[in-house]
Amino acid sequence: MSEPVHYEVEGAVAWVTLHRPEYRNAQNVAMLRALDEAYMRAMGDDAVKVIVLRGEGKHFSAGHDIGTPGRDIDKAFDRLATGWYPHANKPGAEAAYVREADAYLGLCRKWRELPKPTIAMVHGACIAGGLMLAWSCDLIVASDDAFFADPVVRMGIPGVEFFAHAHALGPRKAKEFLFLGGRMSAADAAAAGMINRVVPRDELEAAVRDWASRIAEMPRFGLALTKQAINFAEDRMGLRDTMDAVYGMHHLAHAHNTLASEDYIGGQDVSSMKKSLEDK
Ligand code: ZN
């Protein structure tokens, strides 16, 4: 089996690549674990100053795995980000609450707070769980063919677990993004302030490389403190508290779905979600 995340270091830059291109880099826990290991490797290597996260194949990431043969939601795993106890043998709403607190919300929060600068290099689809990987990076550079969507309201759920929507887009645009659930172009995402830069597809890597090498000239500790300072400001603006509150709503929605239809994602699957994005 091929590794779900590839890792290479070039000079001061670690290139971390999501590598399930046959499934549009859909995220199972095996991939998230490998991504965490890659980030930890970059933190432990003094030669690495900046980390780039990108996706192999046609898309950055189509989101959490809701239907590939490697889907592993019922599988027990060692805790990745938090002290939560194992989820897999728990009844009712507990299993999903515990699993997502660790593997989804917990990991993305951990990655947002990594002490080295991270750049998401986004092309193609960046959907739902894909947003979480991009948003937990410091900078987002996208190609002009990139598009963004959080269609999980269709599942009856108020957005993905790492609820940064109102901060990433501003409240008005965040409502448009969630209520309509359709695609947002890279140009519109840049205009809303959600991403830093849009460049032509064939210039994406060079643009990211240029920023990464310029950032790498800054002192390591200065970068770490600057990142902490901005994250601190963002948390004082309410990001962390909002995520805590909305995580409860998110799991009310999962539990409601399970009570009402016995399916925690409201009867949606890969093809219905994919179709909902193609129609618009
Ligand atoms: Zn969820």
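Numbered according to my numbering, the sequence shown terminates at residue 280, and the numbering increases by one at each position without gaps. Think of the CB as a built atom: it goes at the ideal place given N, C-alpha and C, for glycine as much as any other residue. Fair warning: this is a prediction, and the values are worked out from it, not measured in the lab.
Could you tell me the distance, in whole angstroms, from the CA atom of residue 238 to the CA atom of residue 194?
17 Å
I'd like to know if the stretch 109-120 and the stretch 170-189 are in contact, where contact means that at least 3 CB-CB pairs between them fall below 8 Å.
no
Return the residue from the list 113, 84 and 93 that minimises the CA-CA distance to residue 235.
113
For residue 121, the first and last residue of its enclosing beta strand (DSSP E)
118-122
Less than 7 Å separating the Cβ of residue 94 from some heavy atom of the ligand ZN?
no
Taking the alpha carbon of residue 291 as the point to measure from, which residue in 44, 143, 20 and 12 has its own alpha carbon closest?
Lying before the first or after the last residue shown, residue 291 is absent from the chain, which here runs from 1 to 280.
Could you check whether residue 161 and residue 94 sit closer than 8 Å to each other, using their CB atoms as the reference points?
no
Please report the residue range of the alpha helix (DSSP H) in which residue 84 lies.
From DSSP, residue 84 is part of no alpha helix (DSSP H); its letter is neither H nor E.
Any chance you could list the alpha helix (DSSP H) runs of at least 4 consecutive residues sitting entirely within the stretch 131-177, in chain order?
165-169
Could you tell me which residues DSSP pairs with residue 17 in its beta bridges?
6 and 54
How would the residue list near the ligand ZN read, in chain order, if you kept each one whose beta-carbon is closer than 6 Å to any heavy atom?
100, 161, 250 and 254
What residues in its chain sit with their C-beta under 6 Å from that of residue 115, if we drop five residues either side in the sequence?
224
Backbone CA spacing between residue 72 and residue 30 [nearest angstrom]:
8 Å
Can you check which of these residues, 8, 74 and 241, is closest to residue 302 by C-alpha distance?
An answer regarding residue 302 cannot be provided, because it is not within the stretch 1 to 280 covered by the chain.
Give me the Cβ distance between residue 64 and residue 128, rounded to the nearest whole Å; I'm assuming they're in contact under 8 Å.
7 Å
So for residue 214, helix, strand or coil by DSSP?
helix
Going by alpha carbons, who is nearest to residue 59 out of 220, 91 and 126?
126
Output yes or no for whether 8 Å exceeds the beta carbon distance between residue 264 and residue 257.
yes
Reference residue 27; option with closest CA among 70, 252 and 156:
70
Under DSSP, the alpha helix (DSSP H) around residue 29 begins and ends at which residues?
29-44
Alpha carbon to alpha carbon, what distance is there between residue 106 and residue 46?
25 Å
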